[in-house]
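Numbering (full-length UniProt numbering), first residue to last: 1 to 400. Glycine is no exception: its CB is placed at the ideal position from the N, C-alpha and C atoms. Being a predicted model, the structure only gives us computed values, none of them experimental. Reviewing the structure listed below.
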């Protein structure tokens, strides 16, 4: 048999196989087992659970009243019409499925046995509902800040963290993922797992003011920040940051600024610690005050991962769905805190604080282009913290 005959046979076999796959019909529209057991699914149990607010919150991470408010906001966007062939899944059940996925991080297959729906259906619901949650809630619970908003954040920052003119803290979080198809080692990070980066800025109460999701885990925080919308807007002075104003107990007009760790560049509106290789006691105090200010975003990440266990294990879905899920979790974090009124001062354990300080020691201190005026402003802020009227009683403990 010649090679051309073999090629013809292989081509015939390939076309025949493709035709069989194409003509293969779906065995069931709805799995008979799920159809019979739907009345016992978790969505039915949730109706009973609403009578017990603590148990409902433990399961879905929000109170029944908060859930009702969320349903009212996005119901119109995710509701489908019933047809002659089947009854559409209700908006309430879709939200319950999505919340349970965020709360547990379990697989779509596991959720399919809990809610008596097909695993493909579960995946479609999570993607659709996550997109709707972000699209509808973001303008309400993470709007673009204006000058008055920045001033309000700065006032609150001074009240909680003794940091004047500070309008937020920025940091990046590596969200663990299952390796996306055809991406190679692009998302493999320095912590030795696959991830996408969540870059966020948080206010004094641990509420996200802006987020950027999707950069590959192999990139550093500084590179992700430069590529993020926040970094670009900060570089072009398009964040509507108020004009410089005197800090308490001072007469010099000092710019409003964000705080970041040593991975971030030093800029007029972005303060970072002094490098560890050039520290004296005055600079150690300054670094402590910066570290204290960064606790808000670190605690925001901690609260996010504690509430939504999807961040404690690899996210097992396609890239576009994973990004939608992360954004939905972040806006739900804001929504729940604002609606339920949990504005207590974020706390961080001594062990966590030591971890944060140790991480600073391993951050890169090179390749940052800081202009002279930013250096001068940082030195001025350092001296401001040393004045008796502005010093914290315990800050000398961090000079050792």
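Straight-line Cα distance separating residue j from residue i
{"i": "residue 397", "j": "residue 279", "result": "15 Å"}
{"i": "residue 250", "j": "residue 268", "result": "18 Å"}
{"i": "residue 207", "j": "residue 183", "result": "32 Å"}
{"i": "residue 181", "j": "residue 106", "result": "20 Å"}
{"i": "residue 145", "j": "residue 68", "result": "27 Å"}
{"i": "residue 255", "j": "residue 246", "result": "8 Å"}
{"i": "residue 73", "j": "residue 387", "result": "50 Å"}
{"i": "residue 284", "j": "residue 385", "result": "11 Å"}
{"i": "residue 189", "j": "residue 120", "result": "30 Å"}
{"i": "residue 98", "j": "residue 335", "result": "15 Å"}
{"i": "residue 360", "j": "residue 191", "result": "Because the pLDDT of residue 360 is 41, which lies under 50, any placement of that residue in the model is unreliable, and the number read from its coordinates should be weighed accordingly. Distance between the alpha carbons of residue 360 and residue 191 is about 15 Å."}
{"i": "residue 101", "j": "residue 244", "result": "45 Å"}
{"i": "residue 82", "j": "residue 113", "result": "23 Å"}
{"i": "residue 124", "j": "residue 50", "result": "25 Å"}
{"i": "residue 213", "j": "residue 392", "result": "36 Å"}
{"i": "residue 94", "j": "residue 248", "result": "50 Å"}
{"i": "residue 375", "j": "residue 147", "result": "25 Å"}
{"i": "residue 139", "j": "residue 321", "result": "21 Å"}
{"i": "residue 230", "j": "residue 241", "result": "12 Å"}
{"i": "residue 86", "j": "residue 76", "result": "19 Å"}
{"i": "residue 122", "j": "residue 52", "result": "26 Å"}
{"i": "residue 399", "j": "residue 273", "result": "14 Å"}
{"i": "residue 236", "j": "residue 149", "result": "19 Å"}
{"i": "residue 60", "j": "residue 338", "result": "17 Å"}
{"i": "residue 220", "j": "residue 298", "result": "17 Å"}
{"i": "residue 151", "j": "residue 163", "result": "13 Å"}
{"i": "residue 80", "j": "residue 64", "result": "23 Å"}
{"i": "residue 358", "j": "residue 275", "result": "Since pLDDT at residue 358 reaches only 43, below the 50 mark, its modelled position is unreliable, and no value is offered."}
CB contact flag (residue i, residue j, <9 Å)
{"i": "residue 418", "j": "residue 263", "result": "Look at the range of the chain in this structure, 1 to 400, and you will see that residue 418 is not part of it."}
{"i": "residue 198", "j": "residue 296", "result": "no"}
{"i": "residue 277", "j": "residue 395", "result": "no"}
{"i": "residue 135", "j": "residue 89", "result": "no"}
{"i": "residue 286", "j": "residue 156", "result": "no"}
{"i": "residue 128", "j": "residue 78", "result": "yes"}
{"i": "residue 328", "j": "residue 304", "result": "no"}
{"i": "residue 380", "j": "residue 301", "result": "no"}
{"i": "residue 260", "j": "residue 226", "result": "no"}
{"i": "residue 315", "j": "residue 177", "result": "yes"}
{"i": "residue 103", "j": "residue 309", "result": "yes"}
{"i": "residue 115", "j": "residue 317", "result": "no"}
{"i": "residue 54", "j": "residue 62", "result": "no"}
{"i": "residue 333", "j": "residue 307", "result": "yes"}
{"i": "residue 175", "j": "residue 311", "result": "yes"}
{"i": "residue 203", "j": "residue 133", "result": "no"}
{"i": "residue 130", "j": "residue 325", "result": "yes"}
Where residue i sits in the DSSP three-state scheme
{"i": "residue 299", "result": "helix"}
{"i": "residue 115", "result": "helix"}
{"i": "residue 209", "result": "strand"}
{"i": "residue 216", "result": "strand"}
{"i": "residue 392", "result": "coil"}
{"i": "residue 308", "result": "coil"}
{"i": "residue 236", "result": "coil"}
{"i": "residue 253", "result": "strand"}
{"i": "residue 324", "result": "helix"}
{"i": "residue 279", "result": "coil"}
{"i": "residue 385", "result": "helix"}
{"i": "residue 338", "result": "helix"}
{"i": "residue 290", "result": "helix"}
{"i": "residue 352", "result": "Because residue 352 sits at a pLDDT of 42, beneath the cut-off of 50, its placement in the model cannot be relied upon, and the following sentence gives the value as read from the coordinates. Residue state, collapsed to three classes: helix."}
{"i": "residue 102", "result": "helix"}
{"i": "residue 314", "result": "coil"}
{"i": "residue 96", "result": "helix"}
{"i": "residue 266", "result": "coil"}
Supposed close pair residue i, residue j - CB separation, criterion 8 Å
{"i": "residue 186", "j": "residue 218", "result": "6 Å"}
{"i": "residue 323", "j": "residue 137", "result": "Actually they do not touch by this definition, with Cβ atoms about 16 Å apart."}
{"i": "residue 257", "j": "residue 390", "result": "At roughly 16 Å, the Cβ-Cβ gap does not stay under 8 Å, so residue 257 and residue 390 are not in contact."}
{"i": "residue 170", "j": "residue 201", "result": "5 Å"}
{"i": "residue 142", "j": "residue 66", "result": "With 8 Å as the limit, residue 142 and residue 66 do not qualify as a contact, their Cβ atoms being about 17 Å apart."}
{"i": "residue 239", "j": "residue 270", "result": "That pair is no contact at about 11 Å."}
{"i": "residue 282", "j": "residue 382", "result": "6 Å"}
Residue i: CB within 8 Å of a non-hydrogen atom of the ligand FMN
{"i": "residue 386", "result": "You won't find the ligand FMN in this model; it holds no ligand whatsoever."}
Please give me, in chain order, every unbroken run of the alpha helix (DSSP H) with length at least 4 that falls completely inside the region 48-86.
53-60, 64-78
I'd like the ranges of any alpha helix (DSSP H) spanning at least 4 consecutive residues and lying wholly in the region 134-201.
147-161
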